[in-house]
Amino acid sequence: MTEINNFNSTIQNVSRRELRDLVRTQLQMLLEAGDLQGAKAILVPVQPADIAEAIEGLPEAMHALAFRLLSKDEAIEVYEYLDYSVQERLIEELKSQEVRDIVDQMSPDDRARLFDELPAKVVNRLLEQLSPAERQATAQLLGYEADTAGRIMTLELISLKENFTVSQALERIRNLANASEMIYYLYVMDAERRLTGIVSLRELVTSQPEQVIGEIMTRDVVFVHTDTDQEEVARLIQRYDFLAVPVVDREQRLVGIVTVDDVIDILQRETTEDIYALGGGVQSGGDNYFQMNLLEIARKRVVWLLVLLVTNTITGTIIKSQEDLLAKVVTLTAFIPLLTGTGGNVGAQSSTVVIRGMNTDEIRSLGVLQVIGREAIAGALLGGMLGTIATVWAYFLQGRLEVAIAVGTSLVAISLLASISGSALPFLFRYLRLDPALMSAPFITTAVDVLGVLIYFNLARVILNL
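Going by the working numbering, the sequence shown opens with residue 1, and the numbers climb by one from there.
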(Lines of atoms letter the chains of each structure in order from A; the text may use other names.)
(Lines give C-alpha, C1' and ligand atoms only; values in the text may rest on other atoms or scores of the structure.)
Protein backbone atom coordinates (compact mmCIF):
# COMPACT_ATOMS: atom_id res chain seq x y z
CA MET A 1 0.00 0.00 0.00
CA THR A 2 2.90 2.35 0.73
CA GLU A 3 4.24 1.83 -2.80
CA ILE A 4 0.85 2.73 -4.26
CA ASN A 5 0.64 5.88 -2.13
CA ASN A 6 4.11 6.86 -3.30
CA PHE A 7 3.03 6.23 -6.91
CA ASN A 8 -0.08 8.42 -6.48
CA SER A 9 2.11 11.16 -5.05
CA THR A 10 4.61 10.86 -7.89
CA ILE A 11 2.05 11.28 -10.69
CA GLN A 12 1.23 14.76 -9.45
CA ASN A 13 4.73 15.95 -10.37
CA VAL A 14 5.38 14.47 -13.82
CA SER A 15 4.55 15.47 -17.39
CA ARG A 16 1.76 13.76 -19.32
CA ARG A 17 4.25 11.73 -21.39
CA GLU A 18 6.13 10.63 -18.27
CA LEU A 19 2.82 9.79 -16.61
CA ARG A 20 1.76 7.49 -19.45
CA ASP A 21 5.10 5.68 -19.39
CA LEU A 22 5.03 5.43 -15.60
CA VAL A 23 1.48 4.07 -15.50
CA ARG A 24 2.21 1.52 -18.22
CA THR A 25 5.42 0.33 -16.53
CA GLN A 26 3.84 0.05 -13.08
CA LEU A 27 0.68 -1.57 -14.45
CA GLN A 28 2.65 -4.21 -16.36
CA MET A 29 4.86 -4.94 -13.35
CA LEU A 30 1.86 -5.41 -11.02
CA LEU A 31 -0.01 -7.59 -13.53
CA GLU A 32 3.02 -9.81 -14.05
CA ALA A 33 3.29 -10.16 -10.26
CA GLY A 34 -0.42 -11.05 -10.03
CA ASP A 35 -1.19 -8.04 -7.80
CA LEU A 36 -4.59 -7.15 -9.31
CA GLN A 37 -5.66 -4.97 -6.39
CA GLY A 38 -2.49 -2.92 -6.65
CA ALA A 39 -2.91 -2.59 -10.43
CA LYS A 40 -6.50 -1.44 -9.94
CA ALA A 41 -5.47 1.10 -7.31
CA ILE A 42 -2.86 2.86 -9.43
CA LEU A 43 -5.45 3.50 -12.17
CA VAL A 44 -7.84 5.36 -9.86
CA PRO A 45 -6.28 8.86 -10.18
CA VAL A 46 -5.40 8.48 -13.89
CA GLN A 47 -7.41 10.09 -16.70
CA PRO A 48 -9.28 7.74 -19.11
CA ALA A 49 -7.20 8.82 -22.13
CA ASP A 50 -3.97 8.03 -20.25
CA ILE A 51 -5.34 4.69 -19.06
CA ALA A 52 -6.18 3.79 -22.66
CA GLU A 53 -2.66 4.61 -23.83
CA ALA A 54 -1.16 2.63 -20.95
CA ILE A 55 -3.27 -0.42 -21.87
CA GLU A 56 -2.22 -0.11 -25.54
CA GLY A 57 1.42 -0.21 -24.45
CA LEU A 58 0.99 -3.51 -22.62
CA PRO A 59 1.63 -6.89 -24.26
CA GLU A 60 -1.47 -8.07 -26.15
CA ALA A 61 -2.10 -10.88 -23.67
CA MET A 62 -2.59 -8.31 -20.88
CA HIS A 63 -5.07 -6.01 -22.66
CA ALA A 64 -8.25 -7.77 -21.52
CA LEU A 65 -6.90 -8.39 -18.00
CA ALA A 66 -6.02 -4.71 -17.53
CA PHE A 67 -9.34 -3.58 -19.01
CA ARG A 68 -11.31 -5.77 -16.58
CA LEU A 69 -9.72 -3.89 -13.66
CA LEU A 70 -11.85 -0.86 -14.54
CA SER A 71 -15.30 -0.18 -13.18
CA LYS A 72 -18.18 -0.30 -15.65
CA ASP A 73 -18.36 3.50 -16.03
CA GLU A 74 -14.57 3.78 -16.38
CA ALA A 75 -14.46 0.96 -18.92
CA ILE A 76 -17.07 2.64 -21.13
CA GLU A 77 -15.11 5.91 -21.13
CA VAL A 78 -11.67 4.32 -21.60
CA TYR A 79 -12.88 2.08 -24.43
CA GLU A 80 -13.63 5.04 -26.73
CA TYR A 81 -10.00 6.22 -26.44
CA LEU A 82 -8.49 2.88 -27.42
CA ASP A 83 -7.07 2.18 -30.86
CA TYR A 84 -9.48 0.31 -33.15
CA SER A 85 -7.25 -2.78 -33.27
CA VAL A 86 -7.31 -3.00 -29.45
CA GLN A 87 -11.07 -2.44 -29.41
CA GLU A 88 -11.54 -5.33 -31.82
CA ARG A 89 -9.39 -7.65 -29.70
CA LEU A 90 -11.31 -6.76 -26.55
CA ILE A 91 -14.63 -7.52 -28.24
CA GLU A 92 -13.32 -11.00 -29.03
CA GLU A 93 -11.99 -11.61 -25.51
CA LEU A 94 -14.60 -10.01 -23.23
CA LYS A 95 -17.83 -11.69 -22.18
CA SER A 96 -20.98 -10.92 -24.17
CA GLN A 97 -22.53 -8.90 -21.35
CA GLU A 98 -19.40 -6.79 -20.90
CA VAL A 99 -19.31 -6.06 -24.63
CA ARG A 100 -23.02 -5.26 -24.69
CA ASP A 101 -22.71 -2.77 -21.82
CA ILE A 102 -19.73 -1.00 -23.38
CA VAL A 103 -21.00 -0.81 -26.96
CA ASP A 104 -24.51 0.26 -25.91
CA GLN A 105 -23.09 3.21 -23.95
CA MET A 106 -20.78 4.46 -26.71
CA SER A 107 -21.81 7.58 -28.61
CA PRO A 108 -23.44 6.64 -31.95
CA ASP A 109 -20.67 8.17 -34.09
CA ASP A 110 -17.89 6.36 -32.20
CA ARG A 111 -19.89 3.14 -32.36
CA ALA A 112 -20.39 3.51 -36.13
CA ARG A 113 -16.63 4.00 -36.64
CA LEU A 114 -15.91 0.89 -34.57
CA PHE A 115 -18.43 -1.14 -36.60
CA ASP A 116 -16.66 -0.01 -39.79
CA GLU A 117 -13.58 -1.87 -38.59
CA LEU A 118 -15.31 -5.08 -37.50
CA PRO A 119 -16.31 -8.12 -39.59
CA ALA A 120 -19.94 -8.07 -40.78
CA LYS A 121 -20.92 -11.07 -38.63
CA VAL A 122 -19.65 -9.38 -35.47
CA VAL A 123 -21.43 -6.11 -36.36
CA ASN A 124 -24.74 -7.91 -36.89
CA ARG A 125 -24.39 -9.70 -33.57
CA LEU A 126 -23.61 -6.46 -31.73
CA LEU A 127 -26.47 -4.59 -33.43
CA GLU A 128 -28.89 -7.23 -32.18
CA GLN A 129 -27.64 -6.71 -28.61
CA LEU A 130 -28.14 -2.92 -28.63
CA SER A 131 -31.17 -1.23 -27.16
CA PRO A 132 -33.79 -0.28 -29.79
CA ALA A 133 -32.94 3.43 -29.64
CA GLU A 134 -29.19 2.87 -29.95
CA ARG A 135 -29.70 0.30 -32.72
CA GLN A 136 -31.76 2.79 -34.71
CA ALA A 137 -29.21 5.60 -34.20
CA THR A 138 -26.31 3.37 -35.25
CA ALA A 139 -28.14 1.97 -38.27
CA GLN A 140 -28.91 5.51 -39.39
CA LEU A 141 -25.23 6.49 -39.32
CA LEU A 142 -24.14 3.29 -41.02
CA GLY A 143 -26.57 4.13 -43.83
CA TYR A 144 -24.35 7.03 -44.93
CA GLU A 145 -21.25 6.58 -47.06
CA ALA A 146 -17.93 6.07 -45.29
CA ASP A 147 -15.76 9.15 -44.69
CA THR A 148 -18.69 11.58 -44.95
CA ALA A 149 -20.22 13.97 -42.44
CA GLY A 150 -23.23 11.66 -42.10
CA ARG A 151 -21.04 8.78 -40.95
CA ILE A 152 -19.05 10.74 -38.35
CA MET A 153 -21.82 12.97 -36.97
CA THR A 154 -23.52 12.44 -33.62
CA LEU A 155 -27.28 12.52 -33.26
CA GLU A 156 -27.05 13.70 -29.66
CA LEU A 157 -27.83 17.43 -29.79
CA ILE A 158 -30.21 19.99 -28.33
CA SER A 159 -32.56 21.83 -30.68
CA LEU A 160 -34.81 24.81 -29.99
CA LYS A 161 -37.78 26.55 -31.59
CA GLU A 162 -37.76 30.22 -32.58
CA ASN A 163 -40.73 30.99 -30.31
CA PHE A 164 -39.04 29.61 -27.19
CA THR A 165 -38.17 32.14 -24.53
CA VAL A 166 -34.68 32.19 -23.05
CA SER A 167 -35.97 30.71 -19.78
CA GLN A 168 -37.71 27.88 -21.67
CA ALA A 169 -34.51 27.20 -23.63
CA LEU A 170 -32.40 27.04 -20.45
CA GLU A 171 -34.89 24.65 -18.86
CA ARG A 172 -34.72 22.42 -21.94
CA ILE A 173 -30.90 22.42 -21.71
CA ARG A 174 -31.08 21.34 -18.05
CA ASN A 175 -33.36 18.45 -18.93
CA LEU A 176 -31.40 17.22 -21.96
CA ALA A 177 -27.79 18.07 -21.05
CA ASN A 178 -26.87 14.50 -20.08
CA ALA A 179 -28.25 13.14 -23.35
CA SER A 180 -26.36 15.61 -25.56
CA GLU A 181 -22.71 15.63 -26.58
CA MET A 182 -22.63 19.41 -27.09
CA ILE A 183 -24.55 22.09 -25.11
CA TYR A 184 -22.48 25.15 -26.03
CA TYR A 185 -24.23 25.55 -29.39
CA LEU A 186 -28.01 25.26 -29.65
CA TYR A 187 -29.60 24.83 -33.06
CA VAL A 188 -32.92 26.44 -33.95
CA MET A 189 -35.40 24.65 -36.23
CA ASP A 190 -38.80 25.42 -37.71
CA ALA A 191 -41.84 23.11 -37.65
CA GLU A 192 -40.39 21.01 -40.53
CA ARG A 193 -37.06 20.55 -38.64
CA ARG A 194 -35.27 22.82 -41.11
CA LEU A 195 -32.24 24.57 -39.63
CA THR A 196 -32.99 28.29 -39.34
CA GLY A 197 -30.45 29.61 -36.84
CA ILE A 198 -27.97 29.03 -34.05
CA VAL A 199 -27.58 30.47 -30.56
CA SER A 200 -24.73 29.93 -28.14
CA LEU A 201 -25.06 29.08 -24.47
CA ARG A 202 -23.22 32.32 -23.71
CA GLU A 203 -25.89 34.33 -25.54
CA LEU A 204 -28.64 32.54 -23.65
CA VAL A 205 -27.07 33.10 -20.24
CA THR A 206 -26.49 36.82 -20.91
CA SER A 207 -29.98 37.48 -22.37
CA GLN A 208 -33.14 38.40 -20.50
CA PRO A 209 -35.33 35.42 -19.48
CA GLU A 210 -38.37 36.71 -21.39
CA GLN A 211 -36.54 37.32 -24.66
CA VAL A 212 -37.53 35.12 -27.59
CA ILE A 213 -34.92 32.87 -29.26
CA GLY A 214 -35.82 34.28 -32.69
CA GLU A 215 -34.63 37.70 -31.54
CA ILE A 216 -31.16 36.69 -30.35
CA MET A 217 -30.21 33.81 -32.66
CA THR A 218 -27.82 34.08 -35.61
CA ARG A 219 -29.54 33.24 -38.89
CA ASP A 220 -26.39 33.02 -41.00
CA VAL A 221 -25.43 29.46 -40.09
CA VAL A 222 -22.39 27.59 -41.42
CA PHE A 223 -23.40 23.97 -42.02
CA VAL A 224 -22.45 20.86 -44.01
CA HIS A 225 -24.51 18.21 -45.77
CA THR A 226 -24.59 14.53 -44.87
CA ASP A 227 -22.54 13.65 -47.98
CA THR A 228 -19.82 16.28 -47.38
CA ASP A 229 -16.38 14.65 -47.23
CA GLN A 230 -15.06 14.34 -43.67
CA GLU A 231 -11.83 16.14 -44.55
CA GLU A 232 -13.82 19.13 -45.79
CA VAL A 233 -15.78 19.10 -42.51
CA ALA A 234 -12.51 19.05 -40.58
CA ARG A 235 -11.11 21.98 -42.57
CA LEU A 236 -14.33 23.94 -42.02
CA ILE A 237 -14.22 23.51 -38.25
CA GLN A 238 -10.53 24.33 -38.24
CA ARG A 239 -11.03 27.46 -40.39
CA TYR A 240 -13.81 28.94 -38.23
CA ASP A 241 -12.60 27.63 -34.84
CA PHE A 242 -15.95 25.92 -34.21
CA LEU A 243 -16.62 23.46 -31.42
CA ALA A 244 -19.18 21.78 -33.65
CA VAL A 245 -20.83 22.17 -37.05
CA PRO A 246 -24.45 21.19 -37.86
CA VAL A 247 -25.19 18.55 -40.49
CA VAL A 248 -28.30 18.86 -42.67
CA ASP A 249 -29.87 16.71 -45.38
CA ARG A 250 -30.80 17.91 -48.87
CA GLU A 251 -34.09 19.37 -47.55
CA GLN A 252 -32.11 21.47 -45.06
CA ARG A 253 -33.40 19.40 -42.13
CA LEU A 254 -31.05 19.17 -39.15
CA VAL A 255 -29.95 15.56 -38.63
CA GLY A 256 -26.84 15.81 -36.43
CA ILE A 257 -23.62 17.62 -35.56
CA VAL A 258 -19.91 16.93 -36.01
CA THR A 259 -17.89 17.89 -32.93
CA VAL A 260 -14.33 19.13 -32.72
CA ASP A 261 -13.06 16.01 -30.91
CA ASP A 262 -14.07 13.89 -33.90
CA VAL A 263 -12.39 16.38 -36.25
CA ILE A 264 -9.10 16.18 -34.34
CA ASP A 265 -9.18 12.39 -34.74
CA ILE A 266 -9.84 12.76 -38.49
CA LEU A 267 -7.04 15.27 -39.02
CA GLN A 268 -4.58 13.13 -37.09
CA ARG A 269 -5.59 9.98 -38.99
CA GLU A 270 -5.44 11.65 -42.41
CA THR A 271 -2.09 13.30 -41.65
CA THR A 272 -0.67 9.99 -40.40
CA GLU A 273 -1.84 8.18 -43.53
CA ASP A 274 -0.27 10.83 -45.77
CA ILE A 275 3.04 10.72 -43.91
CA TYR A 276 3.13 6.92 -44.11
CA ALA A 277 2.29 7.08 -47.82
CA LEU A 278 4.98 9.68 -48.51
CA GLY A 279 7.44 7.45 -46.68
CA GLY A 280 7.16 4.86 -49.42
CA GLY A 281 3.64 3.58 -49.94
CA VAL A 282 2.92 2.44 -46.39
CA GLN A 283 -0.83 2.19 -45.78
CA SER A 284 -2.04 1.87 -42.21
CA GLY A 285 -5.74 1.86 -43.05
CA GLY A 286 -6.41 4.05 -40.03
CA ASP A 287 -4.89 1.55 -37.61
CA ASN A 288 -2.01 2.22 -35.27
CA TYR A 289 0.99 1.20 -37.39
CA PHE A 290 2.83 -0.22 -34.40
CA GLN A 291 -0.19 -2.37 -33.46
CA MET A 292 -0.40 -3.95 -36.94
CA ASN A 293 0.70 -7.48 -37.76
CA LEU A 294 4.28 -7.53 -39.09
CA LEU A 295 3.37 -9.84 -41.97
CA GLU A 296 0.63 -7.42 -43.03
CA ILE A 297 3.07 -4.50 -42.81
CA ALA A 298 5.60 -6.33 -44.98
CA ARG A 299 2.91 -7.18 -47.55
CA LYS A 300 1.88 -3.54 -47.88
CA ARG A 301 5.40 -2.18 -48.05
CA VAL A 302 6.82 -4.70 -50.49
CA VAL A 303 4.61 -3.50 -53.38
CA TRP A 304 6.30 -0.15 -53.76
CA LEU A 305 9.71 -1.60 -52.99
CA LEU A 306 9.19 -3.93 -55.95
CA VAL A 307 8.32 -0.88 -58.08
CA LEU A 308 11.61 0.72 -57.04
CA LEU A 309 13.42 -2.56 -57.70
CA VAL A 310 12.09 -2.60 -61.26
CA THR A 311 13.06 1.07 -61.62
CA ASN A 312 16.61 0.34 -60.61
CA THR A 313 16.67 -2.50 -63.12
CA ILE A 314 15.64 -0.08 -65.90
CA THR A 315 18.26 2.41 -64.75
CA GLY A 316 20.87 -0.34 -64.79
CA THR A 317 19.86 -1.30 -68.33
CA ILE A 318 20.31 2.30 -69.47
CA ILE A 319 23.74 2.48 -67.87
CA LYS A 320 24.73 -0.80 -69.55
CA SER A 321 23.62 0.59 -72.93
CA GLN A 322 26.16 3.39 -72.49
CA GLU A 323 29.17 1.11 -72.14
CA ASP A 324 30.97 2.72 -75.06
CA LEU A 325 30.73 6.17 -73.43
CA LEU A 326 31.73 4.90 -70.00
CA ALA A 327 34.66 2.96 -71.46
CA LYS A 328 36.07 6.22 -72.84
CA VAL A 329 35.28 8.37 -69.78
CA VAL A 330 34.93 5.99 -66.84
CA THR A 331 34.84 8.86 -64.33
CA LEU A 332 31.25 9.63 -65.42
CA THR A 333 30.12 6.57 -63.47
CA ALA A 334 31.22 8.06 -60.16
CA PHE A 335 28.62 10.86 -60.33
CA ILE A 336 25.52 8.81 -61.18
CA PRO A 337 24.47 8.27 -57.51
CA LEU A 338 25.01 11.97 -56.80
CA LEU A 339 22.71 13.05 -59.65
CA THR A 340 19.89 10.53 -59.10
CA GLY A 341 19.99 10.95 -55.32
CA THR A 342 19.83 14.74 -55.53
CA GLY A 343 17.05 14.58 -58.12
CA GLY A 344 15.03 12.22 -55.93
CA ASN A 345 15.37 14.55 -52.93
CA VAL A 346 14.33 17.62 -54.94
CA GLY A 347 11.31 15.75 -56.33
CA ALA A 348 10.31 14.53 -52.87
CA GLN A 349 10.49 18.09 -51.52
CA SER A 350 8.23 19.41 -54.29
CA SER A 351 5.68 16.62 -53.94
CA THR A 352 5.60 17.02 -50.15
CA VAL A 353 4.81 20.75 -50.21
CA VAL A 354 2.20 20.31 -52.96
CA ILE A 355 0.44 17.40 -51.22
CA ARG A 356 0.46 19.30 -47.95
CA GLY A 357 -0.95 22.34 -49.75
CA MET A 358 -3.74 20.17 -51.17
CA ASN A 359 -4.66 18.87 -47.72
CA THR A 360 -4.67 22.31 -46.06
CA ASP A 361 -6.20 24.22 -49.01
CA GLU A 362 -3.18 26.56 -49.04
CA ILE A 363 -2.96 26.26 -52.84
CA ARG A 364 -6.69 26.61 -53.52
CA SER A 365 -6.25 30.20 -54.76
CA LEU A 366 -3.49 29.13 -57.16
CA GLY A 367 -4.03 27.31 -60.42
CA VAL A 368 -2.34 24.02 -61.22
CA LEU A 369 -0.03 25.61 -63.79
CA GLN A 370 0.88 28.38 -61.37
CA VAL A 371 1.88 25.87 -58.68
CA ILE A 372 3.93 23.82 -61.15
CA GLY A 373 5.50 27.00 -62.52
CA ARG A 374 6.55 28.12 -59.03
CA GLU A 375 8.12 24.76 -58.31
CA ALA A 376 9.85 24.74 -61.71
CA ILE A 377 11.46 28.12 -60.92
CA ALA A 378 12.43 26.85 -57.46
CA GLY A 379 13.93 23.74 -59.10
CA ALA A 380 15.91 25.85 -61.55
CA LEU A 381 17.26 28.00 -58.71
CA LEU A 382 18.16 24.94 -56.66
CA GLY A 383 19.74 23.34 -59.71
CA GLY A 384 21.79 26.44 -60.39
CA MET A 385 23.16 26.54 -56.85
CA LEU A 386 23.75 22.80 -56.56
CA GLY A 387 25.08 22.59 -60.13
CA THR A 388 27.70 25.26 -59.44
CA ILE A 389 28.86 23.47 -56.32
CA ALA A 390 28.84 20.09 -58.10
CA THR A 391 30.90 21.49 -61.02
CA VAL A 392 33.60 22.79 -58.68
CA TRP A 393 33.55 19.57 -56.66
CA ALA A 394 33.71 17.33 -59.73
CA TYR A 395 36.64 19.31 -61.15
CA PHE A 396 38.42 19.11 -57.80
CA LEU A 397 37.93 15.32 -57.68
CA GLN A 398 38.61 14.42 -61.33
CA GLY A 399 40.58 17.32 -62.76
CA ARG A 400 38.65 17.31 -66.08
CA LEU A 401 36.68 20.47 -66.83
CA GLU A 402 34.44 18.81 -69.46
CA VAL A 403 33.32 16.13 -67.01
CA ALA A 404 32.73 18.73 -64.30
CA ILE A 405 30.58 20.84 -66.68
CA ALA A 406 28.61 17.73 -67.72
CA VAL A 407 27.90 16.92 -64.08
CA GLY A 408 26.89 20.48 -63.17
CA THR A 409 24.70 20.98 -66.24
CA SER A 410 23.00 17.64 -65.71
CA LEU A 411 22.26 18.51 -62.11
CA VAL A 412 20.50 21.72 -63.21
CA ALA A 413 18.37 19.80 -65.73
CA ILE A 414 17.60 16.98 -63.30
CA SER A 415 16.59 19.39 -60.52
CA LEU A 416 14.24 21.17 -62.92
CA LEU A 417 12.78 17.85 -64.07
CA ALA A 418 12.37 16.61 -60.48
CA SER A 419 10.59 19.80 -59.36
CA ILE A 420 8.15 19.65 -62.27
CA SER A 421 7.49 15.94 -61.73
CA GLY A 422 7.14 16.34 -57.98
CA SER A 423 4.59 19.14 -58.31
CA ALA A 424 2.66 17.83 -61.33
CA LEU A 425 2.18 14.16 -60.40
CA PRO A 426 0.08 14.84 -57.25
CA PHE A 427 -2.38 16.86 -59.38
CA LEU A 428 -2.46 14.11 -62.00
CA PHE A 429 -3.19 11.40 -59.45
CA ARG A 430 -5.87 13.49 -57.74
CA TYR A 431 -7.51 14.01 -61.14
CA LEU A 432 -7.44 10.22 -61.65
CA ARG A 433 -9.04 9.79 -58.17
CA LEU A 434 -5.93 8.13 -56.78
CA ASP A 435 -4.23 9.02 -53.51
CA PRO A 436 -1.53 11.63 -54.38
CA ALA A 437 0.50 10.85 -51.27
CA LEU A 438 0.51 7.11 -51.92
CA MET A 439 1.20 7.23 -55.66
CA SER A 440 3.63 10.14 -56.02
CA ALA A 441 6.75 8.83 -54.26
CA PRO A 442 7.46 5.74 -56.42
CA PHE A 443 6.58 7.48 -59.68
CA ILE A 444 8.77 10.48 -58.91
CA THR A 445 11.65 8.15 -58.11
CA THR A 446 11.04 6.31 -61.39
CA ALA A 447 10.94 9.49 -63.49
CA VAL A 448 13.98 11.06 -61.89
CA ASP A 449 16.13 7.91 -61.98
CA VAL A 450 15.37 6.90 -65.56
CA LEU A 451 15.16 10.33 -67.20
CA GLY A 452 17.97 11.71 -65.05
CA VAL A 453 20.42 9.07 -66.23
CA LEU A 454 19.37 9.63 -69.86
CA ILE A 455 19.85 13.38 -69.50
CA TYR A 456 23.25 12.91 -67.91
CA PHE A 457 24.63 10.61 -70.60
CA ASN A 458 23.27 12.64 -73.51
CA LEU A 459 24.62 15.92 -72.12
CA ALA A 460 27.95 14.22 -71.48
CA ARG A 461 28.13 13.05 -75.12
CA VAL A 462 27.43 16.59 -76.37
CA ILE A 463 29.87 18.31 -74.03
CA LEU A 464 32.63 15.72 -74.50
CA ASN A 465 32.01 15.49 -78.28
CA LEU A 466 31.66 11.69 -78.12
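Positions of the beta carbon are idealized from the N, C-alpha and C atoms, including for glycine.
C-alpha distance - residue i paired with residue j, whole-angstrom precision
i, j, result
"S180", "I266", "21 Å"
"T259", "A244", "4 Å"
"V302", "P442", "12 Å"
"E32", "I91", "23 Å"
"V470", "A137", "Outside the displayed range of the chain (1 to 466) lies residue 470, so it cannot be described from this structure."
"S200", "D147", "28 Å"
"G479", "T360", "Any property of residue 479 remains undetermined from this structure, which presents the chain solely from 1 to 466."
"R433", "F427", "10 Å"
"D435", "L30", "45 Å"
"R135", "L69", "28 Å"
"E375", "Y431", "19 Å"
"L195", "R299", "48 Å"
"L326", "R356", "41 Å"
"A334", "T446", "20 Å"
"Q105", "A378", "54 Å"
"E531", "I444", "In the structure as shown, the chain starts at 1 and stops at 466, and residue 531 therefore has no counterpart that could be examined."
"A75", "L130", "17 Å"
"D261", "L254", "20 Å"
"L58", "D50", "13 Å"
"V346", "V448", "10 Å"
"A418", "G343", "6 Å"
"L94", "A66", "12 Å"
"L43", "A61", "19 Å"
"V263", "T228", "13 Å"
"H225", "R193", "15 Å"
"N175", "A120", "37 Å"
"H63", "Q37", "16 Å"
"P209", "L170", "9 Å"
"S85", "L401", "60 Å"
"V222", "D190", "17 Å"
"T352", "T388", "25 Å"
"Y132", "F115", "Note on residue identity: the sequence assigns Pro, not Tyr, to residue 132. For P132 and F115, the distance between alpha carbons rounds to 17 Å."
Residues that DSSP places opposite residue i in a beta bridge
i, result
"K161", "M189"
"P246", "I257"
"T154", "I257"
"R194", "R253"
"V212", "T165"
For residue i, the three-state DSSP class (helix, strand or coil)
i, result
"T148", "strand"
"I183", "coil"
"R356", "helix"
"G344", "helix"
"T218", "strand"
"L397", "helix"
"V453", "helix"
"T228", "coil"
"S200", "strand"
"V46", "coil"
"V23", "helix"
"V329", "coil"
"A33", "coil"
"E60", "helix"
"D435", "coil"
"Q322", "coil"
"I336", "helix"
"E18", "helix"
"F223", "coil"
"N124", "helix"
"S131", "coil"
"N178", "helix"
"L295", "helix"
"S207", "coil"
"I55", "helix"
"D241", "coil"
Handout entry: Stretch-stretch touch, CB-based, cutoff 8 Å, three pairs: the stretch 121-141 with the stretch 157-166
Key = no
Problem - Given 8 Å, three or more beta-carbon pairs between the stretch 204-220 and the stretch 94-101 - result: no
Problem - the stretch 335-351 contacting the stretch 452-462, beta-carbon criterion three pairs below 8 Å - result: yes
Handout entry: At least three beta-carbon pairs within less than 8 Å, the stretch 161-169 to the stretch 231-251
Key = no
Handout entry: Stretch pair the stretch 418-432 + the stretch 366-375: three plus CB contacts closer than 8 Å
Key = yes
Exercise for the section: Inspect the CB distances between the stretch 68-83 and the stretch 103-111 and report whether three or more fall short of 8 Å. Expected result: yes
Exercise for the section: Say whether the stretch 380-396 touches the stretch 405-413, bearing in mind that this needs 3 or more beta-carbon pairs closer than 8 Å, one atom from each stretch. Expected result: yes
Problem - Contiguous beta strand (DSSP E) assignments of at least 3 residues, all confined to the stretch 70-107 - result: none
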